[in-house]
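As structure tokens, the structure follows; a few thoughts come after it.
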Amino acid sequence: MSTPEKLYEGKAKIIYPTDDPEILLAYFKDDATAFNAQKRGTIQGKGEINNAISSHLFQELEAKGIPTHYIDSPTPNEMRVKRVKIVPIEVIVRNIAAGSLSKQTGIPVGTIIEPTLVEFCYKNDELGDPLLTRERLFLMKLATPEQLEQITQLSLQINQILSEFFNECGITLVDFKLEFGITSEGKLVLADEISPDTCRLWDQSETDPNRRVLDKDRFRRDLGNIESAYQQVLKRVLEHTSNPSE
Ligand code: TMP
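Letter 4 of the sequence shown, counting from 1, is numbered 956 in this note's numbering, and no numbers are missing.
What follows is the structure, encoded as structure tokens:
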């Protein structure tokens, strides 16, 4: 069978149609970008690792009642997902100050953020994914107030589940980015991926601020050992067994 025409190619994934109009195939690439693609590179094996981590986390979330686009993972680099219309908002959830929050506010990296901060950026590469106010978000009609409330509540629930999950893996979930989509039936579901590309993950067994980094900050900040950090996350995620009574 020949490979079908791609529907869309993003920085980290290619989306293909399937025989079923309600199902898409996401191919996870090894390509890595940062700073709105001003920095480009390859992380060997990243596609397979991120697909495996994302698949595992989506299943974990589904088991705890979070609706996601995940169907299954037919090959190491591919994930079958429900076709959704992506809401053009990047939801950033922050438990600990880092990255752009520290840069833009002066809050020192590592400061605990309480209560958890949920922020919204406009998903638009040309504009550099700018931070939005709620007023701008509604002005641009990116979501209805009801959708935004649902997105916020789901994001906080996802944060609770993932923070606990990673904590049991000896990893602190510092912050992460989520995207949501709307199915053909009008249901809001978690979409995209959850991986070391889209989360900040700190190894709890390391105190050194550079050595503890297990995520794409190793690529962004040229910290080296990127592949082994991603593999370390995968290993711990796969070793984690959920308590069936939870
Ligand atoms: P930031 O501190 O750079 O705003 O990033 C917050 C979180 O969002 C961090 O875990 C990395 C993730 N992220 C993405 O997944 N995609 C992006 O384009 C950006 C800027 C951040």
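Positions of the beta carbon are idealized from the N, C-alpha and C atoms, including for glycine.
Give me whichever residues DSSP pairs with residue i in a beta bridge.
| i | result |
| --- | --- |
| I1048 | I1064 |
| G1133 | I1038 and V1141 |
| E1030 | Y979 and T1027 |
| A903 | The question about residue 903 has no answer, for the chain in this structure spans 953 to 1198. |
| T1020 | L1142 |
| F1128 | V1045 and C1151 |
If you run the structure through DSSP and keep just helix, strand and coil, what is residue i?
| i | result |
| --- | --- |
| K1187 | helix |
| I1146 | coil |
| R1152 | strand |
| K1037 | strand |
| D1077 | helix |
| I1103 | helix |
| R1164 | coil |
| I1113 | helix |
| Y1182 | helix |
| P1082 | coil |
| E1087 | helix |
| S1006 | helix |
| L957 | Reading off the sequence, residue 957 comes out as Glu, not Leu. Here E957 sits in coil by DSSP. |
With 16 other CB atoms within 10 Å as the buried threshold, where does residue i fall?
| i | result |
| --- | --- |
| M1092 | exposed |
| E1042 | buried |
| N988 | exposed |
| I1048 | buried |
| A1015 | exposed |
| L1175 | exposed |
| I1064 | exposed |
Could you tell me whether any non-hydrogen atom of ligand 1 is closer than 8 Å to the CB of residue i?
| i | result |
| --- | --- |
| I1203 | Limits of the chain in this structure are 953 at one end and 1198 at the other, which puts residue 1203 out of reach. |
| N988 | yes |
| K1168 | yes |
| L1186 | no |
| T955 | no |
| C1121 | no |
| S1007 | no |
| K958 | no |
| G1058 | no |
| T1150 | yes |
| A978 | no |
| V1126 | yes |
| S1107 | no |
| G1051 | yes |
| K1129 | yes |
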